[in-house]
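Residue numbers (this note's numbering): 388 to 1057. A short worksheet on the structure shown next.
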């Protein structure tokens, strides 16, 4: 049996990057390095690096490459920091990431780091591994050998054997590579691995049917791919090609492990660990084959799924009679201030949902979810700014990318926006407009079948599911579920959708729902999304703070005193309503501020305030509150000169600050 390296079932590091906030501030007293482990064994330690920016980089090339990573292995990368304490240097683990080597191969994603306890660390690691190359350099010679083997086996009646199957796989792969190697270079990894795999199994007797089925499935996938002319021109093909590459590697790793086992232990091993891994791999192939088959259908028009008939579209629109959710979206967008709740769009949970299909529940009080607290919180008319933000963040819809949303609205006169059936009808209508390619045949057939009668909710839900299943990606945004009068139906429907996602049937679907955490909704959604986002008072306060900061910076014009006086006025506000009104009426310049403050002083106290300010203005040194309060006991009113008037003394000297409002402040007792 050949070695791992000659099998080409391995990879070598290309580069590792780590981004840590604030790391450049530690460049004088710290250094960093990484350690790499393969299957628990340390294989390498990088050079020490002092940070010059927030990104640390380590690179490997042919000159310093001395070790090899089998694709079937697990790799762990640890980031260490060396710090100087007194006169000694100490090294400690900052964070680490662990995963299968296959997952890192030709990967462009960033990985999060965790500490020893598994807690997330605020850093991102980018790891790039490259497959061992070599077989592609003598492709013609190699394929000639494959053709000879296939012909020999065919003449012996053994065409169904695994070697012959892999031979056909390689021939198809070569056809794809001729067309796509430049446009989709990621497939080069699959070519390298599968060709190396062929060398490993051509002299090995593989009897297990599950292993043979894997190779056969790979052949079928590439057979479908071969049927597509100019694959690079088919919309949304890149992700499918990446999946072909990734799953080809998984097949190669599984077959490699099988061929390396001694015959006596194959039966036991194949029934245990490998069997479950093979089953998972086969399930992934089923989903991929369906997705790829859809691409073939779209590109070659093997079957027409949609009808671009404007008259029919108008008839179906009238038949469905869906509410227009764009009105709610435009209303929310128009009344939403720039920067409102941008914190939400930057949360790790939202970014994860945006990139990866699944369910996201955003819960909170109705006033927080549906009122723009930075604009007119005192207006009782609701505005769904949270969903509006999400919708504006989504990509533009295409024939293969579905975008749809719905706003439940409990306001008077909005009955049609409170029903589950209207939700389904609206989603169907949005996902069958001209942006998405037109009317699906099954919807046209249902319309014809029902005639003048209305379809049932079950029929419409089946239609919607078929529409979603025909898209490569779909985003659904539902606002204020708690305002749906029959929201139990919607709860059951969402639960069914999420169940399909978890079972990899509709794994391309992203769905987000906002609502109040009512007990029945909490019972269902709490189980579906254990990492829901709770929009509470803290997040509302963050928006208020952002609004205050922005408004004060805009009006200060460099005057710290102006900001100080405005903060003092804002501190007197008892509600969000008062804060917003105060910010909307900020004075221009210090003169206007002082004038407003003086006008707020009670007329019967103005003489005292004038006395306090006069003494402060002409005092040669700072005065204490007690000293200022004592000045009022000097009465200048008598004609024969100033006299001491004890009854004018303030009982509490702190009342000076109350009478003078924000014109006088105390610092350090003076």
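Even glycine gets a Cβ: it sits at the ideal position worked out from N, Cα and C. All values reported here derive from a predicted model rather than from experimental measurement.
Buried/exposed call for residue i, threshold 16 Cβ in 10 Å
i: residue 1038; result: exposed
i: residue 848; result: buried
i: residue 738; result: exposed
i: residue 807; result: buried
i: residue 709; result: buried
i: residue 916; result: buried
i: residue 440; result: exposed
i: residue 831; result: buried
i: residue 1064; result: A query on residue 1064 cannot be resolved here, the shown segment of the chain reaching from 388 to 1057 and no further.
i: residue 1023; result: exposed
i: residue 787; result: buried
i: residue 668; result: buried
i: residue 954; result: exposed
i: residue 1025; result: exposed
i: residue 691; result: At residue 691 the pLDDT is 32, less than 50, meaning the model places this residue with poor confidence; the figure from the coordinates comes in the next sentence. Exposed: under 16 other Cβ atoms inside 10 Å.
Test: residue i CB closer than 8 Å to a CB of chain C
i: residue 1007; result: Here there is only one protein chain, and chain C is not present.
Residue from the options whose Cα sits closest to the Cα of residue i
i: residue 1013; options: 1041, 815, 1000 and 1001; result: 1041
i: residue 898; options: 785, 811 and 741; result: 741
i: residue 872; options: 908, 862 and 886; result: 908
i: residue 791; options: 988, 400 and 780; result: 780
i: residue 431; options: 795, 480 and 400; result: 400
i: residue 805; options: 912, 712 and 664; result: 712
i: residue 815; options: 802, 837 and 789; result: 789
i: residue 513; options: 406, 422 and 505; result: 406
i: residue 810; options: 744, 877 and 937; result: 877
i: residue 839; options: 959, 670, 707 and 479; result: 707
i: residue 977; options: 961, 951, 704 and 1025; result: 951
i: residue 879; options: 844, 853 and 850; result: 844
i: residue 510; options: 824, 491 and 442; result: 442
i: residue 1053; options: 874, 1009, 1023 and 1018; result: 1009
i: residue 798; options: 732, 715 and 698; result: 715
i: residue 992; options: 701, 1046, 979 and 980; result: 1046
i: residue 812; options: 704, 476 and 957; result: 704
i: residue 750; options: 834, 867, 836 and 850; result: 867
i: residue 949; options: 1050, 717, 821 and 823; result: 1050
Short Cβ contact (8 Å threshold) for residue i with residue j
i: residue 819; j: residue 826; result: yes
i: residue 777; j: residue 885; result: no
i: residue 445; j: residue 460; result: no
i: residue 795; j: residue 870; result: yes
i: residue 1048; j: residue 984; result: yes
i: residue 920; j: residue 729; result: no
i: residue 888; j: residue 784; result: no
i: residue 1007; j: residue 970; result: no
i: residue 942; j: residue 973; result: yes
i: residue 447; j: residue 506; result: no
i: residue 995; j: residue 1019; result: yes
i: residue 719; j: residue 775; result: yes
i: residue 1058; j: residue 429; result: Beyond the ends of the chain as shown, which are 388 and 1057, falls residue 1058; an answer cannot be given.
i: residue 931; j: residue 980; result: no
8 Å contact criterion, which residue i and residue j should meet: CB distance rounded
i: residue 419; j: residue 467; result: 7 Å
i: residue 501; j: residue 482; result: 6 Å
i: residue 773; j: residue 963; result: Contact doesn't hold; Cβ gap of about 17 Å is too wide.
i: residue 922; j: residue 882; result: No, residue 922 and residue 882 are not in contact; Cβ-Cβ is about 22 Å, not under 8 Å.
i: residue 464; j: residue 484; result: 6 Å
i: residue 833; j: residue 846; result: 6 Å
For residue i, the three-state DSSP class (helix, strand or coil)
i: residue 984; result: helix
i: residue 1051; result: coil
i: residue 1024; result: coil
i: residue 466; result: strand
i: residue 664; result: helix
i: residue 1133; result: Nothing can be reported for residue 1133: it is not among the residues displayed for the chain, which extend from 388 to 1057.
i: residue 905; result: coil
i: residue 958; result: coil
i: residue 919; result: coil
i: residue 713; result: helix
i: residue 484; result: strand
i: residue 446; result: strand
i: residue 816; result: helix
i: residue 788; result: strand
i: residue 745; result: strand
i: residue 420; result: strand
i: residue 1032; result: coil
i: residue 873; result: coil
i: residue 1038; result: coil
i: residue 830; result: helix
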